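Chemist: So for the sequence shown, the working numbering puts the first residue at 73; every next one is plus one.
All C-beta atoms in this analysis are idealised placements derived from N, C-alpha and C, irrespective of residue type, glycine included.
Remember, predicted model here, so these are calculated numbers, not experimental data.
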Amino acid sequence: MTEKILVTGALGQIGSELTTALREIYGEKNVLATDIQEPEKANDSYYEVLNVMDAEQISEIVSKHEITIVYHLAAMLSATAEKFPKKGWDLNMDSLLTFLDLAKDKKIKQLYWPSSIAIFGNDTPKNNTEQNAHAIPATVYGISKRAGEFWCNYYHEKFGVDVRSIRYPGLISWKTRPGGGTTDYAVDIYYQALEEGKYECFLSENSALPMMYMDDAIRATIELMQADADKLTIRTSYNLSALSFTPKEIAEVIKKKMPEFEISYNPDFRQAIADSWPASIDDSVAQKDWNWKPEFDLEKMTEAMLKNLKVKLN
Ligand code: AKB
Numbered sequence: 073m074t075e076k077i078l079v080t081g082a083l084g085q086i087g088s089e090l091t092t093a094l095r096e097i098y099g100e101k102n103v104l105a106t107d108i109q110e111p112e113k114a115n116d117s118y119y120e121v122l123n124v125m126d127a128e129q130i131s132e133i134v135s136k137h138e139i140t141i142v143y144h145l146a147a148m149l150s151a152t153a154e155k156f157p158k159k160g161w162d163l164n165m166d167s168l169l170t171f172l173d174l175a176k177d178k179k180i181k182q183l184y185w186p187s188s189i190a191i192f193g194n195d196t197p198k199n200n201t202e203q204n205a206h207a208i209p210a211t212v213y214g215i216s217k218r219a220g221e222f223w224c225n226y227y228h229e230k231f232g233v234d235v236r237s238i239r240y241p242g243l244i245s246w247k248t249r250p251g252g253g254t255t256d257y258a259v260d261i262y263y264q265a266l267e268e269g270k271y272e273c274f275l276s277e278n279s280a281l282p283m284m285y286m287d288d289a290i291r292a293t294i295e296l297m298q299a300d301a302d303k304l305t306i307r308t309s310y311n312l313s314a315l316s317f318t319p320k321e322i323a324e325v326i327k328k329k330m331p332e333f334e335i336s337y338n339p340d341f342r343q344a345i346a347d348s349w350p351a352s353i354d355d356s357v358a359q360k361d362w363n364w365k366p367e368f369d370l371e372k373m374t375e376a377m378l379k380n381l382k383v384k385l386n
């Protein structure tokens with residue numbers, strides 16, 4: 073049977089690229105893109121406007137399109153959720169529970185939901201943070217992702233729901249810009265390097281954070297969803313690692329390609345968020361369970377970002 077897939081947040085940073093990748097595998101008309109924005113902004117022939125806070129609408133769309141698999145990406149990220157805590161919590165949590173209930177009631181057979189390195193907190197060991205490291209999140213976003221992980225595990229254990237999840241690090245991509253995250257600087261820096269020749273960073277020069285190029289993240293997501301269920305030992309969310317760098321280190325690699333590029337530092341409220349997150353992640357469980365392996369290092373990613381953005385911005 074051909075799968076019918078629903079992607080929420082399909083116009084977002086991950087959603088736009090994941091939708092394209094899924095359509096290459098399952099076919100154009102088997103992957104429904106949904107987002108809160110109006111269709112004219114979507115420019116997509118298989119698209120529905122969907123407010124993920126509306127459980128009834130979700131249920132209607134799932135039955136109308138005979139959806140079997142959902143990638144539920146719509147969420148409020150760390151920096152925005154600190155400004156709108158209650159809204160962030162409601163959006164990130166209520167919508168997840170709606171999809172978990174649909175899976176429990178066998179209306180869909182598989183669910184993907186992204187978690188984040190934000191589940192870790194100030195007391196978590198910073199380097200090579202392990203899968204089950206002590207985790208008291210310091211942000212609303214982190215609290216919602218940690219609680220969501222527990223809900224996923226609970227629905228799996230209690231009702232046999234096939235829900236799978238990855239704790240994404242900061243994701244770096246050139247097709248669609250991120251919005252409202254703390255790791256967004258590592259995308260902005262490439263745009264500003266090409267547009268202005270300089271960048272003022274909202275984090276301090278030595279703030280090391282785990283990061284990943286989008287191509288790796290998309291491949292990881294699809295590989296996890298296609299992995300044998302009996303190989304998976306984690307139903308909260310998998311640690312995933314690719315890169316770890318500081319603003320100073322990424323700036324140095326950009327400078328190798330653009331010697332005139334300059335960076336300055338003016339940390340804001342996002343510094344405290346970054347300080348509460350790990351600097352690097354141990355993903356040995358993902359490697360063991362579903363053979364995860366990243367392909368992009370900082371040099372290779374910088375080359376791809378500058379090359380593609382140059383074309384896009386011209
Ligand atoms: C954010 O910065 O909020 C996200 C994340 C690490 O989950 N990119």
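1. Which of helix, strand or coil does DSSP assign to Lys270?
2. Just to confirm before moving on: does the CB-CB distance between Leu183 and Ala175 stay below 8 angstroms?
3. In the DSSP assignment, what are the bridge partners of Thr80?
4. Who pairs with Leu281 in a beta bridge, going by DSSP?
5. Tell me the DSSP secondary structure of Asn164 in three-state form.
6. Taking Cβ to Cβ, would you say Leu90 is nearer than 8 angstroms to Ile290?
7. Select from Asp234, Asp354, Met148 the residue whose C-alpha is nearest the C-alpha of Asp302.
8. Along the beta strand (DSSP E) that carries Arg239, what are the first and last residues, could you check?
9. Do the CB positions of Ile345 and Thr254 come within less than 8 angstroms of each other?
10. Is Ala190 near the ligand AKB - that is, is its Cβ less than 7 angstroms away from at least one heavy atom of it?
11. Does the contact criterion of 3 or more C-beta pairs under 8 angstroms hold for the segment 300–320 versus the segment 342–361?
12. Using a Cβ distance threshold of 8 angstroms, determine whether the segment 255–271 contacts the segment 94–108, with at least three qualifying pairs required.
13. What did DSSP end up calling Gln298 once you bin it into helix, strand or coil?
14. Is the Cβ-Cβ distance between Lys158 and Ile191 less than 8 angstroms?
15. Please confirm whether any heavy atom of the ligand AKB lies closer than 7 angstroms to the CB of Thr254.
16. Using a threshold of 7 angstroms, is the CB atom of Leu149 nearer than that to any non-hydrogen atom of the ligand AKB?
17. Taking DSSP as the reference, what is the three-state secondary structure of Asn311?
18. Would you verify that the beta carbon of Asn338 is, or is not, closer than 8 angstroms to some beta carbon of chain C?
19. Between the segment 259–268 and the segment 201–221, do three or more beta carbon pairs fall short of 8 angstroms?
20. Select from Gly193, Ala146, Trp349, Pro366 the residue whose C-alpha is nearest the C-alpha of Tyr285.
21. Measure the CB-CB distance between Asp287 and Ala314 and report whether it falls below 8 angstroms.
22. Run the CB neighbour count on Thr74, radius 10 Å, all protein chains shown included, and call it buried at 16 or more, exposed below.
23. Of the choices Ala93, Leu296, Glu295, Gln203, whose alpha-carbon is the least far from that of Ser352?
24. Give me whichever residues DSSP pairs with Leu183 in a beta bridge.
25. Out of Trp362, Phe274, His206, Gly242, point me to the one whose CA is closest to Tyr310's CA.
26. Terminal residues of the continuous alpha helix (DSSP H) containing Tyr98?
27. Determine the contact status of Phe40 and Gly269, defining contact as a CB-CB distance below 8 angstroms.
28. So what does DSSP say about Glu391, is it helix, strand or coil?
29. Could you compute how far the alpha carbon of Ile97 sits from the alpha carbon of Pro331?
30. Please report how far the alpha carbon of Leu168 lies from the alpha carbon of Met148, in whole angstroms.
31. Mark Glu221 as exposed unless 16 or more other C-beta atoms lie within 10 angstroms of its C-beta, in which case mark it buried.
32. Taking the beta carbon of His144 as the centre, do at least 16 other beta carbons fall within 10 Å, making it buried, or is it exposed?
Modeler: From the atom records:
1. Reading the sequence shown from its first residue, position 198 is the one you call residue 270. Of the three classes helix, strand and coil, the one that applies to Lys270 here is strand, per DSSP.
2. To locate residue 183, count along the sequence shown from 1; it is residue 111. To locate residue 175, count along the sequence shown from 1; it is residue 103. In this structure, Ala175 lies closer than 8 angstroms to Leu183 by Cβ.
3. In the sequence shown, residue 80 corresponds to position 8, counting from 1. According to DSSP, which records beta bridges pairwise, Thr80 is partnered with His144.
4. Taking the first residue of the sequence shown as 1, we reach residue 281 at position 209. Looking at the DSSP output, Leu281 bridges to Phe317.
5. By one-based count along the sequence shown, residue 164 stands at place 92. When DSSP states are grouped into helix, strand and coil, Asn164 belongs to the helix group.
6. Start at 1 with the first residue of the sequence shown, and residue 90 comes out as number 18. Start at 1 with the first residue of the sequence shown, and residue 290 comes out as number 218. Yes, the Cβ-Cβ distance between Leu90 and Ile290 is below 8 angstroms.
7. As a working mapping, residue 302 is identified with position 230 in the sequence shown. The shortest Cα separation from Asp302 among Asp234, Asp354, Met148 belongs to Asp234.
8. Residue 239 sits at position 167 when you count from the first residue of the sequence shown. Looking at the DSSP string, the run of the beta strand (DSSP E) that includes Arg239 is 238–240.
9. In the sequence shown, counting from the first residue as 1, residue 345 sits at position 273. In the sequence shown, counting from the first residue as 1, residue 254 sits at position 182. The answer is yes: Cβ separation under 8 angstroms.
10. Indexing the sequence shown from 1 puts residue 190 at position 118. Proximity of the beta carbon of Ala190 to the ligand AKB is indicated: a heavy atom of the ligand is located closer than 7 angstroms.
11. Of all C-beta pairs linking the segment 300–320 to the segment 342–361, three or more are shorter than 8 angstroms, placing the two stretches in contact.
12. Taking a contact to require three or more Cβ pairs closer than 8 angstroms, the segment 255–271 and the segment 94–108 do not qualify as touching.
13. Mapped onto the sequence shown, residue 298 falls at position 226. Shown here, Gln298 sits in a helix according to DSSP, grouped into three states.
14. By one-based count along the sequence shown, residue 158 stands at place 86. By one-based count along the sequence shown, residue 191 stands at place 119. 8 angstroms or more divides the Cβ of Lys158 from the Cβ of Ile191.
15. Counting from 1 along the sequence shown, the entry for residue 254 is found at position 182. Yes; taking the cut-off as 7 angstroms, the Cβ of Thr254 has a heavy atom of the ligand AKB nearer than that.
16. Residue numbering aside, residue 149 sits at position 77 when the sequence shown is read from its first letter. Yes; taking the cut-off as 7 angstroms, the Cβ of Leu149 has a heavy atom of the ligand AKB nearer than that.
17. Within the sequence shown, residue 311 is the residue found at index 239, counting from 1. Secondary structure at Asn311: strand, using DSSP grouped into helix, strand and coil.
18. No chain C is present in this structure, which holds just one protein chain.
19. Taking a cut-off of 8 angstroms on C-beta distances, the segment 259–268 does not touch the segment 201–221, as fewer than three cross pairs fall below it.
20. Residue numbering aside, residue 285 sits at position 213 when the sequence shown is read from its first letter. Measuring from the Cα of Tyr285, the nearest candidate turns out to be Pro366.
21. Taking the sequence shown and counting its residues from 1, the one referred to as residue 287 is at position 215. Taking the sequence shown and counting its residues from 1, the one referred to as residue 314 is at position 242. Cβ distance not < 8 angstroms, so Asp287 and Ala314 don't count as in contact.
22. By 1-based counting over the sequence shown, the position of residue 74 is 2. Its Cβ having fewer than 16 others within 10 Å, Thr74 is exposed.
23. One-based indexing of the sequence shown puts residue 352 at position 280. Among Ala93, Leu296, Glu295, Gln203, the Cα nearest to that of Ser352 belongs to Gln203.
24. Stepping through the sequence shown from its first residue, residue 183 is reached at position 111. Leu183 pairs with Val142, Val235.
25. Here residue 310 corresponds to residue number 238 of the sequence shown, with the count starting at 1. The option with the nearest alpha carbon to Tyr310 is Trp362.
26. Counted from its first residue, the sequence shown places residue 98 at position 26. 85–98 is the extent of the alpha helix (DSSP H) around Tyr98.
27. Because the chain here runs from 73 to 386, residue 40 falls outside it and cannot be looked at.
28. Since the first residue shown for the chain is 73 and the last is 386, residue 391 is missing from the structure and cannot be characterised.
29. Numbered from its first residue, the sequence shown carries residue 97 at position 25. Numbered from its first residue, the sequence shown carries residue 331 at position 259. C-alpha separation (whole angstroms): 41 angstroms.
30. Numbered from 1 along the sequence shown, position 96 holds the residue referred to as residue 168. Numbered from 1 along the sequence shown, position 76 holds the residue referred to as residue 148. If I take the Cα positions, the gap works out to 12 angstroms.
31. Start at 1 with the first residue of the sequence shown, and residue 221 comes out as number 149. Counting C-beta atoms within 10 angstroms of its own C-beta, Glu221 has 16 or more neighbours from the protein chains shown and is therefore classed as buried.
32. Sequence index remark: in the sequence shown, residue 144 carries index 72 (1-based). Per the 10 Å Cβ criterion, buried.
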